[in-house]
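Chains as they are written, first to last, in my numbering: chain C, 9 to 963; chain V, 338 to 790.
Using N, Cα and C, we set each Cβ at its ideal position, and we do this for glycine too.
Just so it is clear, the structure is predicted and the values come from calculations on it, not from any experiment.
For reference, the structure is listed below as structure tokens.
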Amino acid sequence: MSNLDNKSSGTNETQVDGYWQDVEQKVLDPKVLSQEFGTDEFDSFSVKKSRRNFLKIMGFSVSAMPLTGCIKIPVKKALPYLNKQDDVIPGVANWYASTFEGTPVLVKTREGRPIKIEGNDKSKTTMGGANARAQASVLSLYDSYRLRSPMVNGSSLEWDQFDSQFAKAMSETTGEVVIVTPSITSPTELKLLKSFIKKYGATHIAYDAVSRSAFAEANEITHGVFNQSEYNFEQADVVLSFGADFLGTFGNDVANTRQYSKRRNAKHPQGMNKHYHIEPMMTLTGSNADYRYTRSAVEERDILLGVLAGVDSSFKHSVQSENKDIVTKMVNDLKASSGKSLVLSGHNDVNTQVVVNKINALLGNYGQTVFATKTESVFAKDADMVSLVDRMNAGSVGGLVMIGLNPSYNYFQADKFNAGLNKVKVSTLFTLAENETSKLTKFVAPMNHTYESWSDSMVSSSELSITQPVIQPLFGTRMWTESMMNLLGVEGTFHDYLKSNWSSLDWSKTLHDGVVIVSGMTSAASKIGNINSYAAAIKNTKSGTGLNIVAYTKYGIENGDMANNPFLQELPNPITKATWDNYAMVSPSFAKTNGLKSGDEVELTDGKIKMKLPCIVQPGTETNTVAVALGYGHTVGGKVAKNLGRNAYPFVSFDNTFNYCGSYGALSITGKKLVLAQTQTHHSMEGRDIVRETTFSAFQENPKSGNQVHKPKTVHIYPAHKKDGHQWGMAINLSSCTGCSACIISCSAENNVPVVGKQEVANKRDMHWLRLDRYYKGDENQPEVMHMPMLCQHCDNAPCENVCPVLATVQSSDGLNQQIYNRCVGTRYCANNCPYKVRRFNWFNYDHSDAHERLALNPDVGVRSRGIMEKCSMCIQRIQEGKLTAKRERRELADGDIKVACQQSCPSDNTIIFGDIKDPNSEISQYLEDDRQYTVLEELNVQPRVNYLTKIRNK
Amino acid sequence: MSDAHVSELRQPLVPEERTYKQISEDILDTLEEKPSKAWLFGFSVSAMFLTIGFLVVAYQVGTGIGTWGLNKTIGWSWDITNFVFWVGIGHAGTLISAVLLIFRQRWRTAINRAAEAMTIFAVACAGIFPLIHAGRPWLLYWVFPYPNTRGPLWVNFRSPLLWDVFAISTYLTVSVAFWYMGLLPDLALVRDRTKSGIRKFIYGVLAFGWNGSNRTWHHWEVMSLILAGLATPLVLSVHTIVSMDFATSIIPGWHTTIFPPYFVAGAVFSGFAMVLTLLIITRKVLNWENYITMEHIDKMTKVILVTGMIVGLAYGTEFFMAWYSGNEYERYAFVNRATGPYWWAYWSMISCNVISPQFFWSKKLRNSIPFVFFISIVVNIGMWFERFVIITTSLHRDFLPSSWSMYSPTWVEIWTFIGTFGLFFTLFFIFIRVLPGIAVAEVKSIYKFAKKH
């Protein structure tokens with residue numbers, strides 16, 4: 009096995025002697041792992057807490073007590089390796105390339121434990137970015153709630169017993185055999201599934217709870233490929249989105265954000281893009297639009313047809329008078345950038361998607377900004393699932409194998425699905441953890457987490473990304489693919505299977521890089537005919553009476569499969585800034601007429617569906633719309649997910665495809681007040697000069713526009729700090745920051761920032777070192793939104809430093825404001841005196857006792873105890889690591905050697921820049937010279953090291 | 338009675354004619370008697386609150402500051418409010434004993450002992466808060482600049498909190514020394530009067546062998562004057578330094594140069610109010626009306642009236658400066674005080690501190706004991722609100738609106754505050770049982786002087 013030195017391969021500059029290689033013989037050596045983790049320890053935690061067990065343990069303990077006097081307690085020794093593992097050097101991280109939900113990632117492991125996920129910068133699509141879910145996924149790996157052993161009819165047994173019973177049941181099954189998976193983008197898994205289908209004469213159905221079925225169906229109609237479109241936002245001068253949250257929950261958000269944000273740079277050779285957004289509720293993407301219009305679903309359809317009429321002269325449609333100007337403006341812009349524009353819609357509706365495809369085709373965007381590609385993948389088709397449930401209820405399905413699914417929770421008619429499931433003789437579920445569906449399934453097999461599995465993924469037709477395991481399975485689980493191979497009698501491991509499927513590749517290099525660039529994107533030829541029938545269908549879409557209840561996908565939580573992840577639950581929603589809950593979003597005007605306030609409990613009623621939940625008054629919501637997030641209200645789940653929020657899937661309806669905004673109903677106020685855990689509750693800048701912004705046209709005239717400098721005269725009482733050596737600084741480009749919040753989780757994972765829970769967030773004691781401030785401006789119903797990452801500004805004249813009586817916070821020689829945890833006595837004076845309010849106090853001892861979750865802690869960063877202050881350290885452990893590497897290699901530290909955690913994982917382009925401001929050639933120094941550079945509250949003369957660049961809107 | 342007159346215009350300091358022996362008996366007999374029911378009741382209630390307070394603090398120290406209502410934006414609220422409140426109350430004692438001694442205000446003799454005792458107890462109550470408000474109080478000894486083995490790591494002389502440590506500890510030391518000095522002749526008197534052997538022994542030790550000789554008296558007089566001289570600047574320094582906790586920061590509403598005089602005036606204001614509250618009860622219960630007379634009460638209400646107006650002027654100046662500075666953060670902070678979510682706290686403060694003392698322009702009201710008692714409590718409430726307004730409303734909405742938040746106390750904070758009242762009154766009840774509540778020797782000295790020969 010060849011060890012590839014990552015330095016020579018230039019993969020990640022911050023690591024020290026990190027090797028990526030085929031891990032199976034190195035890190036996954038079970039002997040090593042049991043030494044590392046003491047597997048016995050895990051087992052002792054698996055004892056279920058029940059009254060019976062309590063009495064047993066109690067009885068044993070009491071009777072054993074007298075004996076302990078005679079027992080010599082074994083001495084635990086930490087022994088050095090007798091034969092040291094080649095690549096496991098205590099204290100030095102190893103990095104492995106893998107894939108999470110299609111995002112190519114690098115997994116940082118320390119002493120065999122994955123502790124941090126970062127984007128893989130070898131990828132041409134994500135360019136090293138990673139989203140919040142990928143960042144948080146490391147905690148899902150260690151989730152104590154994961155299933156530990158296979159179960160048949162609710163009782164646990166050994167794998168070999170399970171295998172034989174399962175094989176027997178499958179061979180005896182009568183009737184139809186169906187295998188249901190989520191949309192699969194893995195060519196090798198599909199190959200394996202084909203063997204299964206062949207052996208059992210099975211049907212394969214893909215089912216996504218949050219479905220984009222209509223997109224694939226429309227592509228089949230217009231281009232003959234049942235596949236999702238691919239986009240290139242970097243080529244789009246004008247983007248028009250009808251509620252498509254392409255920077256958030258639309259899928260492929262990392263790549264989209266990277267490309268889109270490149271065009272938010274006013275100095276991009278092709279200029280800045282112009283982004284129109286029309287939607288009934290505020291999404292992350294909508295908040296970034298240059299022109300955002302709050303419109304109901306009905307008006308949205310009207311505008312879409314108006315745009316179609318604008319580009320297709322053969323189609324006639326007269327738009328409502330108030331939208332005429334908007335449509336004219338958009339059509340003119342779109343036409344002016346034919347071939348360089350992009351129209352998207354977020355609706356899972358075939359007619360809408362066909363019309364969108366038609367518009368893009370007419371504008372000549374295919375092959376430029378949008379691609380109807382064919383990849384080896386199976387995408388969900390909603391009608392298949394609905395018909396399967398009917399067949400299950402009819403009793404014609406004899407064998408059902410579900411992989412990683414939870415329809416009992418997220419199917420829109422869960423009761424009907426459950427009834428059908430009970431009629432299936434051999435029902436099987438491969439799952440990470442027990443869920444609503446597993447409770448009703450006969451054969452339940454725990455499967456490996458992604459980071460314990462082999463797989464591959466082709467989310468984009470141009471790139472193959474390999475998933476490789478980075479740790480031995482923690483809980484006695486097995487890859488579902490290997491279980492499948494057992495059943496089919498395929499020899500070898502799934503690793504062999506995967507490797508042989510890619511025999512054409514240099515396997516070592518593939519694993520090392522994680523990604524393989526396969527080809528460029530090519531779009532299938534368009535065969536769209538007459539559009540009128542589709543347009544007429546859109547026009548005639550029935551809408552109900554009452555409030556339109558939209559079941560939306562929430563950033564991070566998405567369909568609810570990672571609801572037990574504390575990082576994701578505590579991530580403030582980029583728009584509402586609420587954590588740990590779902591809620592009914594209503595518009596300010598609706599709230600005013602109905603006397604509603606954020607936090608009031610409301611009841612939503614649509615026919616038989618009744619749901620009580622708190623409301624949030626959300627600017628930018630359409631008056632007749634109320635939006636509820638999916639992914640909450642699990643009745644079976646871990647301690648984080650269970651009974652948190654309400655399940656909004658019943659609001660989904662089926663109309664050829666799943667419809668997430670087809671529910672109409674009423675809202676009533678119960679009069680109760682509920683706890684809303686929001687990290688930010690004041691949403692106006694109060695006219696203050698905090699986020700500076702300008703328009704693209706003003707910027708072209710004067711690059712300093714919007715950036716009135718008022719640098720104060722500097723008078724110092726105390727002598728200035730010496731500035732020898734490196735002087736670290738940061739710049740944040742407000743124009744390209746989308747507010748996606750991936751950096752928050754990246755920071756928390758890197759720096760062991762505790763998760764404090766709903767009540768403590770409601771008490772305004774969230775611990776995030778980095779937060780995203782979100783402000784609104786203008787009309788409440790159609791506000792402009794500003795996102796601002798806010799972290800310790802590392803002031804040269806730091807107000808926090810002066811006031812600490814014990815010198816627990818001081819200026820380092822390289823210009824960082826350092827918090828000395830051991831010295832801190834916790835007067836909180838520093839936090840009071842911080843004008844940015846970025847300091848975080850440990851109000852309690854926060855829980856790190858979970859034996860598995862503890863493994864995700866970064867050993868380079870201390871865990872803080874109660875009573876002390878903490879804050880952004882500018883990832884000092886990374887700075888130190890970078891400096892030491894350079895020193896050991898006897899070279900100067902190069903610009904870009906050190907990447908701080910928020911910077912590394914930021915999916916957008918060059919938004920966070922970190923470097924030495926004393927080095928005139930560094931990237932950061934260029935940014936400091938920029939006309940858009942300013943520091944927040946600079947009139948206070950605290951002289952922050954964190955700089956901001958003005959936000960530019962293309963207006 | 339007529340014997341005691343010097344001037345027709347002035348009321349005598351001790352209106353009723355008493356012999357020296359009678360004076361001793363009036364004041365000291367209470368130490369020899371069994372405690373009255375009223376004392377037992379008052380002491381038990383205070384001790385009960387003290388106990389609850391102690392348990393609550395133990396819970397808080399054991400669990401974490403999270404048991405309070407503070408958050409990421411508001412790092413101090415009731416804790417430091419209570420601290421400044423108690424330090425302020427502790428102000429009157431030194432002012433009465435030191436400043437009035439130097440200015441030869443003879444009326445002080447009847448009230449200085451109790452006022453000084455009150456000072457010490459109030460500072461003791463105040464001292465609890467900086468200790469327990471720290472996240473790790475067991476390490477708070479790090480704020481003292483003592484020689485240690487941590488190399489160059491020492492205290493931060495730029496931090497106002499460190500100045501606080503010096504200011505308060507100096508103040509407490511000097512106040513205790515001064516108070517104890519004043520007690521010496523009276524302790525000797527108690528020693529000489531008592532018939533119980535054990536008491537004789539204890540008071541004998543405490544009296545430091547006082548023998549009443551000319552030399553002893555002479556030294557005592559000189560020492561009193563020196564300590565008064567030392568204590569006088571402390572009257573100004575303590576609250577000046579406490580105010581710098583806020584004035585040297587950059588938070589709008591804190592960052593104000595007016596704070597030192599403003600805080601000192603406020604402290605005298607609240608200190609006199611507290612002295613009135615306590616002495617109005619004590620003189621009634623212990624029948625000391627002959628020593629703590631209406632004249633005393635009248636003078637103290639005048640001090641309250643004057644300092645109350647200084648405080649009112651300071652409030653006005655702050656607002657003017659906020660407007661005049663043109664600083665948008667400063668302006669917002671003050672508008673927010675008066676009209677923001679904590680407007681009720683601000684207007685409580687104004688009504689209690691600026692409006693209520695104005696009634697003391699009327700001599701009739703100054704001479705109404707129930708009314709004076711009522712106002713003295715109102716002023717104390719008002720001064721508590723002043724600190725709450727300064728601390729909490731300035732913090733809750735500062736520079737970046739994204740962090741703005743609200744604060745409300747938890748039961749832990751409320752009971753901790755009540756617990757300090759328990760401590761204060763417990764100490765006061767013990768004090769009037771075991772030590773002469775009025776400086777007997779000093780009263781006798783002015784009594785003779787006042788007598789017509």
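Judged by beta-carbon spacing, K963(C) lies beyond the 8 Å limit of D521(C), meaning their Cβ atoms are not closer than that value. Put simply, the backbone Cα of V185(C) is about 56 Å away from that of I884(C). Inter-residue distance for R272(C) and A806(C) is about 33 Å (C-alpha atoms, whole angstroms).
Annotation for L248(C): no alpha helix (DSSP H) segment contains it, though the beta strand (DSSP E) segment containing it runs 246-250.
Put simply, the CB of I588(V) is near chain C, with a gap under 8 Å to one of its CB atoms. Closest option to I479(C), judged by alpha-carbon separation, among I123(C), Y854(C), L472(C): I123(C). Across the set W684(V), I647(V), L498(V), the C-alpha of L498(V) shows the shortest separation from the C-alpha of I578(V). Shown here, E354(V) sits in coil according to DSSP, grouped into three states, outside any helix or strand. Within the region 279-292 of chain C, contact with chain V at the beta-carbon level (separation under 7 Å) is assigned to no residue. Its Cα nearest to that of V954(C), the residue I932(C) stands out among I932(C), V434(C), E758(C), V319(C).
In chain order, W721, R724 place their CB closer than 6 Å to the CB of F422(V), counting only its own chain and leaving out the 5 sequence neighbours on each side.
Bounds of any alpha helix (DSSP H) do not take in C623(C); it lies within the beta strand (DSSP E) bounded by 617-625.
Nearest C-alpha to L760(V) among F697(V), F458(V), Q359(V), Q397(V): F458(V). In the structure shown, R118(C) falls within a strand segment according to DSSP collapsed to helix, strand and coil. With a contact defined as Cβ atoms closer than 8 Å, D822(C) and G904(C) miss out at about 17 Å. Residue A565(V) holds the alpha-carbon nearest to the alpha-carbon of T431(V) among A565(V), I692(V), I769(V). Between I402(V) and chain C, the shortest Cβ-Cβ separation is below 8 Å. With a threshold of 8 Å between beta carbons, N373(C) makes no contact with chain V.
In this structure, DSSP gives W405(V) a state outside helix and strand, which the three-state scheme calls coil. In the structure shown, Q359(V) falls within a helical segment according to DSSP collapsed to helix, strand and coil. Taking every protein chain shown into account, the CB of A402(C) has fewer than 16 other CB atoms within 10 angstroms, so this residue is exposed. Within chain V, the residues whose beta carbon sits less than 9 Å from that of Y844(C) are F736, L737, S740, listed in sequence order. For F711(V), there is no enclosing beta strand (DSSP E); the enclosing alpha helix (DSSP H) has its first and last residue at 706-725.
Not flagged as an interface residue toward chain C: N485(V), since no C-beta distance is shorter than 8 Å. When CB distances to chain V are screened at a threshold of 9 Å, the residues of the region 850-877 of chain C falling below it are N850, W851, F852, N853, S873, R874, G875, I876, M877, in chain order.
Looking at the backbone, the Cα of A839(C) and that of G412(V) are separated by about 7 Å.
Chain order gives the chain C residues near G412(V) as R836, Y837, A839, N840, F849, where near means a beta carbon separation below 8 Å. Beta-carbon to beta-carbon, R773(C) and Y829(C) are separated by about 18 Å, too far to satisfy the 8 Å threshold. Under the DSSP definition of a beta bridge, S463(C) partners with T475(C). Considering only I229(C), S491(C), A263(C), A217(C), the residue with the shortest C-alpha distance to V362(C) is I229(C). L576(C) and R141(C) do touch by the CB rule: their CB atoms are close to 7 Å apart, below 8 Å. Taking a Cβ-Cβ cut-off of 9 Å, the neighbours of R473(V) in chain C comprise C832, V833, G834, S873, R874, G875, I876, given in sequence order. Nearest CB-CB separation between L815(C) and chain V: below the 8 Å threshold. Under the criterion of beta carbons closer than 8 Å, C910(C) and L780(C) do not qualify as touching, at roughly 11 Å. For I97(C), the nearest beta carbon of chain V is not closer than 8 Å to its own beta carbon. The continuous stretches of beta strand (DSSP E) do not include R620(V), which lies in the alpha helix (DSSP H) extending over residues 596-622.
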